[in-house]
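So the structure is just underneath, and the comments pick up after that.
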Amino acid sequence: MSGAYDLDRQGLAELLADQPSYRVAQVWRGLYRGLRRPGEMTDLPPGLRDRLEEALPPALSQLGSSVADGGDTRKWLWALADGARVETVLMHYRDRSTACVSSQAGCAMDCSFCATGQSGFSRQLSSGEIVEQVVAASRESREAGRRLTNVVFMGMGEPLANYDRVWSAVTRIHGELGLSARHLTISTVGIAPGVRRLAGEALPVNLAVSLHAASDELRDRLVPINRRYPLGTLLSACRHYLAAKGRRLSFEWALIDGVNDTADDADALAGIARQLGAHVNLIPLNPTPGYPRIGSPPSVVSSFAGRLRATGVNVTLRRNRGTDIDAACGQLASRVASGRAGPDQLAPDPTAPGRAGPGPTAG
Ligand code: SAH
69 MSGAYDLDRQ GLAELLADQP SYRVAQVWRG LYRGLRRPGE MTDLPPGLRD RLEEALPPAL
129 SQLGSSVADG GDTRKWLWAL ADGARVETVL MHYRDRSTAC VSSQAGCAMD CSFCATGQSG
189 FSRQLSSGEI VEQVVAASRE SREAGRRLTN VVFMGMGEPL ANYDRVWSAV TRIHGELGLS
249 ARHLTISTVG IAPGVRRLAG EALPVNLAVS LHAASDELRD RLVPINRRYP LGTLLSACRH
309 YLAAKGRRLS FEWALIDGVN DTADDADALA GIARQLGAHV NLIPLNPTPG YPRIGSPPSV
369 VSSFAGRLRA TGVNVTLRRN RGTDIDAACG QLASRVASGR AGPDQLAPDP TAPGRAGPGP
429 TAG
């Protein structure tokens with residue numbers, strides 16, 4: 069909890085109590101506009117720089133990083149101060165650059181097809197640990213001559229099961245890192261009370277709901293939290309969100325071969341999506357070690373999409389970014405931590421400074 073991005077301005081002011089008062093704004097600007105580690109703030113006196121670097125160590129130290137899609141997708145594996153591990157993915161598109169961030173180390177939701185779920189829950193991330201992932205992605209984007217425009221909470225973890233810290237990260241990402249609320253997306257497995265709470269927040273972020281099934285019978289099996297918040301409860305929370313925020317809702321649907329990809333499934337989904345004016349994101353399941361199913365074949369994906377479109381539903385087919393580096397949706401599971409693969413599975417990054425030194429990547 070002691071990372072630079074966990075500190076609020078008051079906390080920073082206390083740390084700088086012996087300094088001229090303009091230092092607070094200067095360091096804050098260095099952190100959030102300059103995206104710099106205290107050790108890199110060359111406009112500070114060297115003694116202060118060293119003291120701050122020591123008082124505010126990076127929350128994330130890079131254990132590995134890998135690239136795919138011709139450099140357009142990058143994944144980081146981070147160790148947190150206590151050794152917990154999380155991953156972040158940065159994706160460059162023609163018109164935007166999106167960071168996919170983790171909100172928890174592991175996940176307790178236990179969705180059968182998700183690699184993170186299969187590896188279990190370790191702990192909640194602090195808001196600073198979340199913000200620092202965005203800072204790292206933002207630095208990387210800047211170095212590539214791009215600007216980070218979007219953040220999606222679709223990495224490891226269930227954001228609405230870590231509500232307060234996630235929301236405090238959202239306000240920091242919006243207010244201090246300057247990303248528009250319209251470009252921030254919270255993706256939830258369907259924690260209905262959390263969706264209702266979001267509806268009461270001032271910032272209108274996008275809401276994505278990982279639906280995957282349009283009947284309780286199937287959803288209970290794919291997404292166990294459905295037993296606690298069944299479809300009726302979830303969808304009425306979504307309706308409440310829409311009424312309060314007027315933001316577009318989207319449903320995520322991983323197409324699983326022979327499980328949720330029939331014409332009947334498409335029709336049931338279409339019914340729900342039309343009622344809520346929701347957009348549907350289809351993605352063929354990325355196979356994971358603990359789930360003996362594959363993604364629907366391309367012909368099934370396109371007829372499923374076609375059936376939705378025929379009834380007027382807005383559909384996007386998600387490209388599988390980063391599949392070859394296990395950076396694709398649902399594949400983030402810190403394989404190094406789980407012992408299923410060695411660290412050499414991630415290409416070592418020669419610029420990685422580790423925890424020891426102030427370096428360009430950790431902050
Ligand atoms: N817990 C949140 C966010 C993390 S998962 C949520 O459930 O929304 C981000 C998205 O990836 C979710 O839509 C999730 O259902 C999906 N996903 C998980 N495992 C997947 C897999 N193996 N293939 C494709 N999508 C997957």
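Using my numbering, you'd call the opening residue of the sequence shown number 69 and step up by one each time.
Glycine is no exception: its CB is placed at the ideal position from the N, C-alpha and C atoms.
Helix, strand or coil for residue i per DSSP?
{"i": "Arg240", "result": "helix"}
{"i": "His280", "result": "coil"}
{"i": "Val202", "result": "helix"}
{"i": "Val369", "result": "helix"}
{"i": "Gly300", "result": "helix"}
{"i": "Ile351", "result": "strand"}
{"i": "Thr391", "result": "helix"}
{"i": "Leu344", "result": "helix"}
{"i": "Ile362", "result": "coil"}
{"i": "Asn294", "result": "helix"}
{"i": "Arg315", "result": "coil"}
{"i": "Arg191", "result": "strand"}
{"i": "Cys175", "result": "coil"}
{"i": "Arg214", "result": "coil"}
{"i": "Arg423", "result": "Residue confidence for Arg423 is low, a pLDDT of 28 falling below 50, so the modelled location carries little weight; the figure read from the coordinates is stated next. Of the three classes helix, strand and coil, the one that applies to Arg423 here is coil, per DSSP."}
{"i": "Gly410", "result": "Here the model assigns Gly410 a pLDDT of 36, short of 50, so the residue's position is not dependable, and the following value carries that caveat. Coil, per DSSP."}
{"i": "Gly132", "result": "strand"}
{"i": "Cys306", "result": "helix"}
{"i": "Arg104", "result": "coil"}
{"i": "Ala405", "result": "With a pLDDT of 47 at Ala405, under the threshold of 50, the modelled position of that residue is not reliable, and no figure is offered here."}
{"i": "Thr156", "result": "strand"}
{"i": "Leu99", "result": "helix"}
{"i": "Arg142", "result": "strand"}
{"i": "Glu122", "result": "helix"}
{"i": "Ala267", "result": "helix"}
{"i": "Glu197", "result": "helix"}
What does the Cβ neighbour count give for residue i, buried or exposed, with the cut at 16 atoms within 10 Å?
{"i": "Gly390", "result": "buried"}
{"i": "Pro352", "result": "buried"}
{"i": "Pro113", "result": "exposed"}
{"i": "Gly71", "result": "buried"}
{"i": "Tyr90", "result": "exposed"}
{"i": "Ile324", "result": "buried"}
{"i": "Pro126", "result": "buried"}
{"i": "Ile362", "result": "exposed"}
{"i": "Gln130", "result": "buried"}
{"i": "Ser171", "result": "buried"}
{"i": "Ser283", "result": "exposed"}
{"i": "Ala378", "result": "exposed"}
{"i": "Gly268", "result": "exposed"}
{"i": "Asp392", "result": "exposed"}
Measuring only the C-alpha atoms, how far is residue i from residue j?
{"i": "Ser236", "j": "Ser195", "result": "6 Å"}
{"i": "Gln78", "j": "Leu385", "result": "45 Å"}
{"i": "Gln399", "j": "Arg104", "result": "30 Å"}
{"i": "Val203", "j": "Gly225", "result": "19 Å"}
{"i": "Thr155", "j": "Ser364", "result": "A small correction: the amino acid at residue 155 is Glu; Thr does not occupy that position in the sequence shown. Each residue's Cα considered, the two are about 26 Å apart."}
{"i": "Arg214", "j": "Gly374", "result": "34 Å"}
{"i": "Arg101", "j": "Arg307", "result": "37 Å"}
{"i": "Tyr73", "j": "Ile241", "result": "10 Å"}
{"i": "Val263", "j": "Ser318", "result": "13 Å"}
{"i": "Ser209", "j": "Val135", "result": "13 Å"}
{"i": "Leu247", "j": "Glu197", "result": "17 Å"}
{"i": "Arg315", "j": "Pro227", "result": "18 Å"}
{"i": "Ala341", "j": "Ser371", "result": "17 Å"}
{"i": "Gly407", "j": "Val238", "result": "Low per-residue confidence applies at Gly407: pLDDT is 39, beneath 50, and the placement is therefore not dependable enough to give any value."}
{"i": "His347", "j": "Gly132", "result": "35 Å"}
{"i": "Gly223", "j": "Gln87", "result": "39 Å"}
{"i": "Asn328", "j": "Leu128", "result": "38 Å"}
{"i": "Met159", "j": "Ala123", "result": "32 Å"}
{"i": "Cys182", "j": "Asn354", "result": "9 Å"}
{"i": "Gly256", "j": "Leu266", "result": "Looking at the sequence provided, one finds Thr at residue 256 rather than Gly. So the alpha carbons of these two residues sit roughly 11 Å apart."}
{"i": "Arg387", "j": "Pro261", "result": "31 Å"}
{"i": "Thr166", "j": "Gly98", "result": "22 Å"}
{"i": "Gly139", "j": "Ala81", "result": "40 Å"}
{"i": "Val369", "j": "Arg295", "result": "28 Å"}
{"i": "Lys143", "j": "Leu302", "result": "32 Å"}
{"i": "Val383", "j": "Ala212", "result": "31 Å"}
{"i": "Leu245", "j": "Thr330", "result": "43 Å"}
{"i": "Cys168", "j": "Asp335", "result": "30 Å"}
{"i": "Asp232", "j": "Ser367", "result": "42 Å"}
{"i": "Leu75", "j": "Leu83", "result": "10 Å"}
Whole-angstrom Cβ separation of residue i and residue j, contact assumed at under 8 Å?
{"i": "Arg164", "j": "Thr217", "result": "4 Å"}
{"i": "Ile259", "j": "Val273", "result": "Rounded, the Cβ-Cβ distance is 15 Å, inconsistent with contact."}
{"i": "Pro106", "j": "Val92", "result": "Wrong, their Cβ atoms sit about 13 Å apart, outside the cutoff."}
{"i": "Leu290", "j": "Trp321", "result": "Between Trp321 and Leu290 the Cβ distance is about 11 Å, and since that is not below 8 Å, they are no contact."}
{"i": "Leu193", "j": "Asn230", "result": "7 Å"}
{"i": "Ser187", "j": "Tyr359", "result": "Wrong, their Cβ atoms sit about 12 Å apart, outside the cutoff."}
{"i": "Val219", "j": "Leu252", "result": "5 Å"}
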